[in-house]
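Inspection log for the structure reproduced underneath, given as structure tokens.
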Amino acid sequence: MGTLVILVLLVAATAVSLTRGAIRPAMVCGALAALPATTLLQALSWPALLVGTSVLALVVWHRWSRSRATVTRWSARSRRRAGVASTIDIARHAGTVATRRRGSTVRPSLGPLLRREGWATPTSAVGVELCRVGLQRVWSSVEDVTLVFGGPRTGKTGWLAGRVLDAPGAAVVTSTRTDLLELCAPIRQKNRGPVFVFNPVGLGGLRSTISFDPLTGCTDPVTAMERATDMVSATSRATHGDAERWDAQARRVLAALLHAAALGGGSMRDVLGWVADNARASREVPALLRRSQVESFEKAAEQFVETNDRTRTSITNSIMPALGWLNHPAAASAASGRNFDVEELLEARATVFLLGAEEADTGPLVCALTGHIAREARRLAVQKPSGRLDPPLLLALDEAALISPVPLENWTADMGGRGVTIIAPFQSRAQLLARYGEHKTATILNNTGSVLLFGGTRDQADLHFWSTLAGERDERITTTDMRGRVASRTVRKVPVLAPAQIANLPAGKVVVYRRGIAPVIGRARMAWTRSDVRAQRQQVATGWRGRWQRTRAWAEVGLAALRRRVADPRRRRIAGTDAWWRWLVNACRRTTSSAPPARTQDGPPLVIDVEPVAPPVLGEHDHEHRGDRTWSR
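Below you can see the structure in the form of structure tokens.
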């Protein structure tokens, strides 16, 4: 009994010492408590020892699982790690092993392959590489949505090109420039499948190799309503009020007109004529809609042609911008002809580049095509055994707010589970707010699994938003007196990432906000640093001649670097002497003449090394390729 009392007293003394921060007395009391504890353990029988150990483990587990203990551990962990993710956090939740562990779930066909071949299957087959932190890579699952924010020329396109090249399945890429096309098309065509271009604005002089008629599938009332929603939303920024009400009316009327044109075998020119000419619409549209099984379309068209001029004008003003691309010859020709089959596109792992420009009014056409491919892919995914596409379809929506404002508030909630990977870069959060509104933007951000933040942001609201999202950390402050002696030590709360730090991120650095871990600061890998891109650019020769050329090129680079290193000290001495002599001569001249000296440029010329890029072969592919088949219907 005395031994037990001594043990209890020593344990209590240890606990009190730890509470007061007295580490050394606590260690002494704990060491002394080990003696009576050992004596008691030797005296107890094994059943009593088992029961006691079980009770003690249950008490410890209960205290460990309490909310207070959880919050305390989180706070202590945040203090130790300065509010950012540690190496262990990345490895547990976003590392290579953790991402591959979910491979059999997001891609059921790779389950046996991952177990049998192990690391022979690349991690990019089941994940999206976000950044690199030291030797670690931070990944996001292919079923998660990734948003990218950054100012112009901060590296968003270079990072996105790498994700397009890594995509294991088909890819749909939107852009307002041809740089993604020139960088990714040759490699995607070689490693994955055929490459196609939809260029309704004639950007870069490239012709469209596929065509898309917005009336495709509009004999189905549901498809007609979806097509009208995509086209009207591409030109509207209304989120509430009268503008939203008129847009809703415009969607109903345009859906009815698209349905009527599809039933009558018409074209988009007929739809434009009905909107512009009310008399023609009243003659032709009701007769065509009588073939439909949906009465609401006939009533919507009847209300449109019979309403007063003021109401009809408001509805027409909302519809006409969605049809403005018909005035563009290249866009009109791209919207006519034979359409392609989405199912064959997915099976062949093809890549479709959708090029557009906001000022050319082609956004509704590009948005309609993007929506058509995505919805057809979702419909096909339902028919798969796992309920998702395998391999997944990549939607790389570069400049989506400008040329393809698809309904991300709905897609981000559903597409990931259907095997559709969404990556959407934006200039800033303000651009997302301007396009989708406050409530839809909040929904999109809540549904997003990972956010990549590049530098270049100057908007204060955006900077404070991202700083608040990163949280706060404890910073220890030591105050000293005039003699340098410590006067006090305090702890204050500071942001993990201050707004100024986010605004001034170095080139190539990104902040990653990923679900489940604290913020990660790493470096984004640009596509032009990849070996396959460099090999494509260099046009590597083969045989002994190619080896000799590569060896000579490397030797020339090494000798040039050696000359610079050897010549730099000597050049600096010569340049210093020359500058001193010129200063002396100019000083003497100033004493005899008031005219300013002539400026000389003796520095070495600026040489810019530009590597040629091989032009891609678009719309053509080797007939021996696995995915080769007829694409037009």
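Read in order, the letters of the sequence shown correspond to residues -17 to 615 in my numbering.
Where is the CB? At the ideal position from N, CA and C, for every residue including glycine.
Where Asp323 falls: helix, strand or coil (DSSP): In the structure shown, Asp323 sits in coil (DSSP, three-state: anything other than H, G, I, E or B).
Three-pair Cβ contact test at 8 Å for the segment 292 to 309 versus the segment 202 to 219: yes
Sheet register partners of Glu457 (DSSP bridge): Arg474
Leu245 and Thr198 closer than 7 Å at C-beta: Cβ distance not < 7 Å, so Leu245 and Thr198 don't count as in contact.
Rounded distance between the beta-carbons of Arg507 and Arg114, thought under 8 Å: 6 Å
Sub-7 Å separation of Leu435 and Phe131 beta-carbons: yes
Where Ala523 sits in the DSSP three-state scheme: Any reading at Ala523 must be qualified, since the residue scores a pLDDT of 48, below 50, and its modelled position is unreliable; no value is offered.
Sub-7 Å separation of Leu375 and Val402 beta-carbons: yes
Limits of the beta strand (DSSP E) - the one that Gly144 falls within: First-last for Gly144: Lys138 to Asp148, but that is the alpha helix (DSSP H), not the beta strand (DSSP E).
Distance, Gln171 Cα to Val515 Cα: Their Cα atoms are separated by approximately 13 Å.
Residues near Ala243 in its chain [Cβ-Cβ closer than 6 Å; skip 5 each side]: Leu197, Asp252 and Val253
Contacting residues, own chain, Cβ-Cβ under 7 Å from Leu(-11) (five flanking each side not counted): Contacts found: Ala15, Pro18, Ala19 and Leu22.
6 Å Cβ shell around Trp43 - same chain, five flanking residues per side excluded: none
Own chain residues within Cβ distance below 8 Å of Ile484, not counting five before or after: Leu435, Gly437, Thr439, Leu445, Trp448, Ser449 and Val493
Option in Ala64, Leu541 and Asp343 with minimal Cα separation from Lys475: Lys475 has its Cα closest to that of Ala64, out of Ala64, Leu541 and Asp343.
Extent of the continuous alpha helix (DSSP H) to which Thr78 belongs: Thr78 to Arg83
Neighbour-count burial assignment, Trp141, 16 or more Cβ in a 10 Å radius: buried
Burial state of Trp28 (16 or more Cβ within 10 Å): exposed
Closest residue to Pro387 among Ile404, Gly345 and Gln24 (Cα-Cα distance): Minimum Cα distance to Pro387 is reached at Gly345.
Beta-carbon contacts of Val127 that lie in its chain and below 7 Å, excluding the five residues immediately before and after: Thr394, Gly398, Ile404, Asn429, Thr430 and Gly431
Proximal residues to Arg497 (C-beta, below 6 Å), its chain only, five neighbours per side dropped: Gly431
With 16 other Cβ atoms within 10 Å as the buried cut-off, status of Ala261: exposed
Collapsed DSSP secondary structure at Arg6 in the structure displayed: helix
Within 7 Å, strictly: CB atoms of Val214 and Asp229: yes
Selected residue, minimal CA-CA separation from Ala(-5), among Leu(-14), Pro7, Thr(-15) and Gly(-16): Pro7
Cβ-based burial, Lys138 [other Cβ within 10 Å; buried from 16]: By the 10 Å Cβ count, Lys138 comes out buried.
Assumed close pair Val155, Ile355 - CB separation to whole angstroms, cut-off 8 Å: Between Ile355 and Val155 the Cβ distance is about 11 Å, and since that is not below 8 Å, they are no contact.
Simplified DSSP assignment, three categories, for Ile484: helix
Cβ-based neighbour list, Val473, same chain, cut-off 8 Å, excluding 5 preceding and 5 following: Asp456, Glu457, Arg458 and Ile459
Per-residue DSSP class, three states only, for Ser(-1): helix
Close-in-space but distant-in-sequence residues of the same chain around Ala51 (CB under 8 Å, 5 per side omitted): Arg45
CA-to-CA distance, Arg189 to Ala339, given in whole angstroms: 15 Å
Secondary structure of Phe279, DSSP reduced to three states: helix
Endpoints, beta strand (DSSP E) assigned at Ser432: If you look at Ser432, you'll find it in the beta strand (DSSP E) that goes Ser432 to Leu435.
Lys422 - containing alpha helix (DSSP H), residue span: Segment Arg411 to Asn429, the alpha helix (DSSP H) holding Lys422.
Buried versus exposed, by CB contacts within 10 Å (16 or more), Ile5: Label assigned to Ile5: exposed.
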